[in-house]
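For reference, the structure is listed below as structure tokens.
Number of protein chains: 2
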Amino acid sequence: MRIHSYFIGLLLALACGLAGAQGTATWIWSPGDFEIWLSNRMQAQRVERDVAWPPFWRLYGHQPQVNFMRQVDLAGPEDIDVAAEGIYNVAIDGRFVHGDQRHIRIPAGRHTLNIQVYNAASPPAVFVQGRTIRSDASWTAGPRPGAPAGAAGHWNFDTPDNPPSRFRLPTREILPAAVTRGNGTVLVDFGRETTGFVTLKNLAGSGQVTLYYGESKEEALSEAGAETLDRFTLAGHHGDYMALTSRAMRYVNIRFDAGLRVGDVALAYEYLPVAHRGEFKSSDDELNRIWDVAQRTLELNTREFFIDGAKRDHWVWSGDAVQTYLMNYYTFFDGDAVKRTTWALRGADPVDMHINTILDYSLYWFIGIRDYYQYTGDADFVRSVYPRMVSLMDFVLARRDGNGMLEGLPGDWVFVDWADMPKDGELAVIQLLFARSLEAMADCAALAHDDAKAATYRQLGADLKTRIMAAFWDPQRQLFIHGRKDGNTNPLVTRHPNMFALMFGYLDDAQAAAVRRNVLTNDAVPKITTPYMRFYELAALAESGQQRYVTGQIKDYWGGMLRAGATCFWEQYDPNVDGAARYAMYGKPFGMSLCHAWGASPLYLLGKYYLGVKPTQPGYAAYVVEPDLGGLKWITGKVPTPHGDIAVYADAATIRVTGILGQGVLRFTSATAPRSDGGTIRKVGERRYELPLEGGKTYLVTRRE
Amino acid sequence: MRIHSYFIGLLLALACGLAGAQGTATWIWSPGDFEIWLSNRMQAQRVERDVAWPPFWRLYGHQPQVNFMRQVDLAGPEDIDVAAEGIYNVAIDGRFVHGDQRHIRIPAGRHTLNIQVYNAASPPAVFVQGRTIRSDASWTAGPRPGAPAGAAGHWNFDTPDNPPSRFRLPTREILPAAVTRGNGTVLVDFGRETTGFVTLKNLAGSGQVTLYYGESKEEALSEAGAETLDRFTLAGHHGDYMALTSRAMRYVNIRFDAGLRVGDVALAYEYLPVAHRGEFKSSDDELNRIWDVAQRTLELNTREFFIDGAKRDHWVWSGDAVQTYLMNYYTFFDGDAVKRTTWALRGADPVDMHINTILDYSLYWFIGIRDYYQYTGDADFVRSVYPRMVSLMDFVLARRDGNGMLEGLPGDWVFVDWADMPKDGELAVIQLLFARSLEAMADCAALAHDDAKAATYRQLGADLKTRIMAAFWDPQRQLFIHGRKDGNTNPLVTRHPNMFALMFGYLDDAQAAAVRRNVLTNDAVPKITTPYMRFYELAALAESGQQRYVTGQIKDYWGGMLRAGATCFWEQYDPNVDGAARYAMYGKPFGMSLCHAWGASPLYLLGKYYLGVKPTQPGYAAYVVEPDLGGLKWITGKVPTPHGDIAVYADAATIRVTGILGQGVLRFTSATAPRSDGGTIRKVGERRYELPLEGGKTYLVTRRE
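Just so you know, the sequences run in chain order A and B.
Counting in our numbering, the first sequence runs from 819 upward without gaps.
Counting in our numbering, the second sequence runs from 819 upward without gaps.
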């Protein structure tokens, strides 16, 4: 087993972005700097029609000066090439290098290299290429020489002429599905939701052009109502013209002055290259279409960062992000996107507000890091971001009330859900998220070798769970009540605390059964109406083995959107509303996002609870495969992991699984004694069986469901 | 007296930079942002020959997003013009303004205006011009809507087309005093120390040019030793060429390739416009030249900020700055330069190092703010910077040892003086500066209406003074000993704690007399050799009435530099060293700065202790004039104040004073009964008299010294 673990560790290191440390030079910066800078740039592009709308929360800047340091021990002298973004100097053992600062000879022996870079406009960054000395995560980055410094941040800027500040997402041209020309107008339909720079080919003449973007045709045609538009004026123009800003749309309504002629229209589709690793197919074609459209939805929202919506807000929201992380683990497995988003959400120090100003969104942020570690096993990232976890948790802890609980203080937004419910005082759901955050902190503190804080967080979490049960668990009704204000409990029952407690594993079997019975499957408890919280509700139901019910819910809700013509999943969907009225939200006729990341949750549900794949040790060092047909005739698919994809097929009579390196186990039910073509099946309960899986092998199990 | 105070308040408000609030629109930003950004830019220009040398301490950035807010109450609708540096939007009562964002009509009535600006590269700033609504200090600036916000920062950017990011010091052309041409060389002497962009007129041809700058001729001619140089390569150039960077020099040695011809050479002299308000003349011509050269020295170091030296470091150092502030109050009275320097030194939050990394430099920073308030009465600035005072003091307080005292911790630089003395453990001088800092904090907290913290700081200061006396005052020897380490006192006597205790007024009359006798005038106590600490030593001596001795010291030390050819005062001067060896420092042949701000201290000494003018209430609401001839036949001069200049003439027989608005009092000695042509002279002691001064009036007193 030892050699096993060793290989897993190696693979994890390779998979989790440490490639830079293995021999390739890459641009490095102070961790978080590039991500903060880029997220500011991206988020500041939001508009509401002709009004710029940067985020309303505090934005942090990158550090204008960074000191990069590395110890070397050279058998012989070595020449290095240095490139930097900013004013810089190089010091060897504390002495400046004079003369050529780009080509430097490091003498043989042990030396300390320092490169100090100043850059006010974009993150200080360096690229160093030598035979053995290369800029990568083996360098540290700190605010000044001698100050505490962590491993340098990096991504995929692997050539000296491709520095971080020039980052742009790639584009490729796509053509319209339909073009309708009128007098001074062109209406273009790209056939489905997309994102990019509208390009007017052979645009000639002088005058003003306005692009009204629409996720729906109605929006594009509503010149008074379209949420996004771009306007530009040309004089004596000849040739192609590309809009300056990438926008989301399915349609674009182009209006131009009489002095202009417009040729063809195309789109420079702007995208983050992702690997389509996750797969899902089943006997239900509608469900398959739902999976495909969900993947498209997630892909359009997986960009510089995980954003909430392609059109709106095009911002990074923590509550949305923590869900997209989980969907991502069952589709693209893009760990870099999770890391970038985590840095961007957090910003820098000092902390004087919750993430996105929302109390619950600070808490999700901690949980998202713990989730990331569970799926990727990337402890280096946890160690890198840990200091900012501590400072945010310090902020949170300082805001506890006399009961050691969190309630919304002046300036805090307590969101939970768009649902109509009391949000003041101590909400049970907030305390559960807080407890989970403290557990996440304890785990991450241990990874960062901060044992004292690990113990403190662990104890705080345990104490809080005790207080939660005492305050909010109703022993008579066997469920969690909603909250408490000024010492008075509110007997209202909401699904939110009950489903989180269930998902977090905070309940014993009897309590869990009671919650399922008394709340989750009780129609007398107000329904959850937002896809945002349905994510957790359906996950909690699936966690309780209610896949068959979940299948119906997915086909009903997401299938309903498809039947209403959706090409991506929406921010919100009410089957009782018809026509263009469906697109209204926030008091605006086209306020709703028609490509919203949280609408893609079937990706997670189908991967985790139907294909049934989940890590049981960080980074899939151990994992289970527990297929569940959920009422379908057959299901098949792949789930990506750091060690390759786990392939699953299941029907009532057979299960076929290809495992990965790691301690896998297949769990399944059978009414009769099952058989397999490899390994040894163990009976673990009534109708319940387990088969240990060996890496890279394919197992065929026959059973009777 | 009431009406008096009212006028003083009004004048103070006008004098102290609130002009912006009185009717002129000016560019505004979040306080400190512009100053931090500009100081980074300035300090990053330092070079050591061909190596960039930005500061080695942590640099902070500006906030990339700022929300500007103002409440208005309009009798009728008002049109405003808006300019901004960055992406921005305007909201009236929380609702975005659509359409034209530059020309906006505000409806009649009470409204809240918010302008949110995002700018990654330079400080977010706005300029608003309406009939009654104008951007000025009546606006607040904060990191986001609804967050705590302070009065907006501003300076003198009073037109919309002159935004802060385009700031440059003005220049004017000056011509050389002497030009020596050689083969491929031109040696230019500008006649005295100066700063600017070297301009090569009618430069023609192709090839490389190198400018070797020298504060001395020897430095300029030492191509291997000159501390600063600039190199550029031209191809087919025709016309004037101006160097890209402003440098300090008296000489520039221009070396150029054979393919180039160089015409005339000039300098675009770069300077901060200052008012030469302070004046001093006496019966001693040498002293008068010293005053003139000191003023020139201070002027060359009064720029974007108060810097330490024109050539080197061209950085902002807190210990140097706090002295230049005091010199400035007796010459230019440029309050804006003090404010800019204070912001630049402090940077932003979080605090994880001492200012300039130096323990004592954090302490001087607090004291400098209290001094600024004493001289200007500008409480608005104190309130603006107060939050950053608190966070720095929090950092300091967290670093106290078990005795409540400060000692150098790992990463701290304990500077005190270049002198050879123990600097580890608890130094008496550091604790005295700490006590003074706590008193400054208490005063500033009171101005910021933070009464709880004011009381805390007051108590901490009082406790610390008690501990200082118990630990470091030697009752037998009647003096302060140097320090204590690991509980063991060091009986060493240094001048430093003794002179600070005297200056801070921490001693009773008997103790003060003992310190003067046992330390300050005791040749057995090691001499102070740096002009940096001589500032305080001579001030303490003058504070004790030793002006006659001080006159000799000034003529000896500063007169010595003049006799050695100085055109500005040096970083250090040892009369025992001759020739070019005088210019060596830090192990480098021309490492020394020949125009160093701390060399200008006679400005302060002569203004405060000879002309004898000092505020006794903040902003010269009350002041004394206490002329002291210091052995000279006559002295005359002017001292600037917020309410105009105080003019003083004194000789042994007469004193003539023109007072300012404020409660002034002339104090003088006379062996016989004095007379005056106005007011009523009171006898206040043996040979000691006082005459109350009325604003704007001139008094002639006859006496016999």
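Ideal placement from N, C-alpha and C gives every residue a C-beta, glycine not left out.
Tell me whether residue i sits in a helix, a strand or coil according to DSSP, three-state version.
i          : result
Val1169(B) : coil
Ala1398(A) : helix
Arg1408(A) : According to the sequence shown, residue 1408(A) is Phe rather than Arg. Reduced to three states, the DSSP call for Phe1408(A) is coil.
Gly850(B)  : coil
Ala839(A)  : Note that Ala839(A) scores a pLDDT of 40, beneath 50, so its modelled location is shaky and nothing firm can be said.
Pro1510(B) : strand
Gln1026(B) : strand
Phe1318(B) : helix
Val1431(A) : strand
Thr1516(B) : strand
Ala1471(B) : coil
Val946(A)  : strand
Thr1369(A) : helix
Gln1277(B) : helix
Gly1503(A) : strand
Trp1231(A) : strand
Ser1097(A) : According to the sequence provided, residue 1097(A) is Glu. The question's Ser does not apply to it. Glu1097(A) falls in the strand class under three-state DSSP.
Asp1327(B) : helix
Asp1058(A) : strand
Arg1521(B) : coil
Among all the DSSP beta bridges, which residues are the ones paired with residue i?
i          : result
Pro1458(B) : Asp1463(B)
Phe1074(B) : Val1027(B)
Val1083(A) : Leu1018(A)
Val884(B)  : Val935(B)
Val1443(A) : Val1431(A), Leu1484(A)
Asn1308(B) : Gly1301(B)
His972(A)  : Ile846(A)
Gln889(B)  : Thr930(B)
With a threshold of 7 Å, establish whether the CB of residue i neighbours any heavy atom of the ligand ADP.
i         : result
Arg867(A) : As far as ligands go, the structure on display features none, and thus does not contain the ligand ADP.
Please give me, in chain order, every unbroken run of the beta strand (DSSP E) with length at least 3 that falls completely inside the region 895 to 923 of chain A. 896 to 903, 905 to 910
Can you pull out the residues from the region 935 to 958 of chain B whose beta carbon lies closer than 8 Å to at least one beta carbon of chain A? Tyr936, Ala938, Ala939, Ser940
Please list the residues of the region 890 to 910 of chain A that have a C-beta atom closer than 8 Å to any C-beta atom in chain B, keeping them in chain order. Ile905, Tyr906, Asn907
May I ask you to list, following chain order, the residues of the region 862 to 877 of chain B that have a beta carbon less than 7 Å from some beta carbon of chain A? Ala862, Glu866, Arg867, Asp868, Val869, Ala870, Trp871, Pro872, Phe874, Trp875, Arg876, Leu877
Specify whether the region 1455 to 1468 of chain A and the region 1171 to 1182 of chain A touch according to this definition: at least 3 beta carbon pairs, one from each stretch, less than 8 Å apart. With the cut-off at 8 Å, the region 1455 to 1468 of chain A and the region 1171 to 1182 of chain A do not touch.
Contact between the region 1067 to 1079 of chain A and the region 1426 to 1441 of chain A (3+ Cβ pairs under 8 Å): no
Contact between the region 1001 to 1017 of chain B and the region 1074 to 1083 of chain B is defined here as three or more beta-carbon pairs at a separation below 8 Å; is this criterion met? yes
Please identify, using Cβ separations under 8 Å, the residues of the region 1139 to 1173 of chain B that lie next to chain A, in order along the chain. Asp1167, Pro1168, Asp1170, Met1171
Please confirm if the region 1039 to 1055 of chain B is in contact with the region 1007 to 1014 of chain B, defined as three or more CB-CB distances below 8 Å between the two stretches. no
Touching by the beta-carbon criterion (3+ pairs, under 8 Å), the region 957 to 971 of chain A and the region 994 to 1002 of chain A: no
Residues from the region 911 to 926 of chain B in contact with chain A, defined by Cβ distance under 8 Å: Phe914, Val915, His916, Gly917, Gln919
If we count Cβ pairs, one from each stretch, closer than 8 Å, do we get three or more for the region 1160 to 1180 of chain B versus the region 1134 to 1141 of chain B? yes
The region 1090 to 1122 of chain B: positions lying closer than 9 Å to chain A by Cβ: none
For the structure I just gave you, are there three or more beta carbon pairs, one from the region 863 to 881 of chain A and one from the region 949 to 957 of chain B, closer than 8 Å? no
Of the residues that make up the region 1048 to 1061 of chain A, which ones have a beta carbon closer than 7 Å to any beta carbon in chain B? Among the residues of the region 1048 to 1061 of chain A, none has a Cβ less than 7 Å away from any Cβ of chain B.
When you check each C-beta in the region 1363 to 1395 of chain A against every C-beta of chain B, which residues fall closer than 8 Å? none
Return the chain-ordered ranges of every alpha helix (DSSP H) run that is complete within the region 1134 to 1166 of chain B and spans a minimum of 4 residues. 1136 to 1147, 1153 to 1164
Using 8 Å as the Cβ pair cut-off and three pairs as the minimum, do the region 916 to 934 of chain B and the region 883 to 897 of chain A touch? no
If we count Cβ pairs, one from each stretch, closer than 8 Å, do we get three or more for the region 1230 to 1248 of chain A versus the region 1267 to 1284 of chain A? no
Is the region 1165 to 1178 of chain A close to the region 1095 to 1108 of chain A, with three or more CB pairs under 8 Å? no
Got a sec: which bits of the region 1218 to 1237 of chain B sit with their beta carbon under 7 Å from any beta carbon on chain A, in order along the chain? Listed by position along the chain: Gly1229.
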